[in-house]
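Residue numbers (our numbering): 69 to 290.
Listed below in structure tokens is the structure:
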């Protein structure tokens with residue numbers, strides 16, 4: 069089914085510095101109509117470490133594109149099993165940067181922290197067979213399917229196909245700091261922790277519907 073896959077990774081160190089990189093690519097056409105899959109993934113990390121300090125900066129990337137075919141009537145499968153009834157697909161794109169650090173301030177005092185930025189976009193398209201957009205109690209203008217473009221309500225009612233698309237974008241940024249004290253207290257083992265954490269997240273969501281005819285591959289024909 070036209071499957072292609074490539075993976076690779078490498079890593080090493082030089083003095084106080086270390087690094088690691090990995091990548092993955094996967095692609096195939098699928099055995100059904102409109103059922104392809106594509107995956108890009110990457111990860112990289114560089115670090116610096118001494119007896120008292122450890123700092124790591126990492127980056128994660130992902131770009132995935134996946135068709136997920138809806139349920140198909142048996143009558144279509146008996147005729148040709150590769151058919152797709154209502155093709156749906158989801159695409160995800162992510163960028164994630166993370167910085168972590170550890171600093172030993174003394175034998176019993178340790179400071180740790182991290183800061184990050186994360187972006188995720190998810191786009192979804194769901195193909196559907198339009199089973200009467202207007203309800204029985206519809207009180208709007210008359211519907212004339214011979215002139216379905218006369219108004220949006222008539223077009224939606226008369227069109228046999230529908231695409232429902234949504235787009236979600238999430239952005240997050242934040243940081244955290246933690247101080248750990250392991251001094252004994254009155255001869256008893258002790259660990260005291262104090263810290264602060266901050267995160268700011270923004271979500272933006274949009275959804276739309278589009279109506280039209282159905283092409284031979286059961287995708288929406290505009």
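The beta-carbon is built from N, C-alpha and C at its ideal position, and this holds for glycine as well.
Note that this is a predicted model, so its numbers are computed, not measured.
Is residue i buried or exposed, if buried means 16 or more other CB atoms sit within 10 Å of its CB?
i: residue 80; result: exposed
i: residue 251; result: exposed
i: residue 265; result: exposed
i: residue 231; result: buried
i: residue 195; result: buried
i: residue 276; result: exposed
i: residue 146; result: exposed
i: residue 84; result: exposed
i: residue 220; result: exposed
i: residue 224; result: buried
i: residue 155; result: buried
i: residue 227; result: buried
Hey, how far is the Cα of residue i from the Cα of residue j?
i: residue 70; j: residue 137; result: 18 angstroms
i: residue 99; j: residue 105; result: 11 angstroms
i: residue 96; j: residue 87; result: 31 angstroms
i: residue 172; j: residue 261; result: 14 angstroms
i: residue 289; j: residue 278; result: 10 angstroms
i: residue 186; j: residue 214; result: 50 angstroms
i: residue 132; j: residue 192; result: 12 angstroms
i: residue 174; j: residue 107; result: 46 angstroms
i: residue 258; j: residue 272; result: 45 angstroms
i: residue 92; j: residue 128; result: 12 angstroms
i: residue 253; j: residue 165; result: 39 angstroms
Between residue i and residue j, is the Cβ-Cβ spacing less than 9 angstroms?
i: residue 121; j: residue 189; result: no
i: residue 280; j: residue 242; result: no
i: residue 73; j: residue 94; result: yes
i: residue 158; j: residue 102; result: no
i: residue 125; j: residue 161; result: no
i: residue 178; j: residue 247; result: yes
i: residue 249; j: residue 176; result: yes
i: residue 115; j: residue 123; result: yes
i: residue 268; j: residue 240; result: yes
i: residue 142; j: residue 181; result: no
Based on the DSSP output, what are the partners of residue i in its beta bridges?
i: residue 259; result: Beta-bridge pairing links residue 259 to no other residue.
i: residue 122; result: 117, 170
i: residue 108; result: 93, 131
i: residue 101; result: DSSP, once it has assigned bridges, lists no residue as partnering residue 101.
i: residue 240; result: 186, 269
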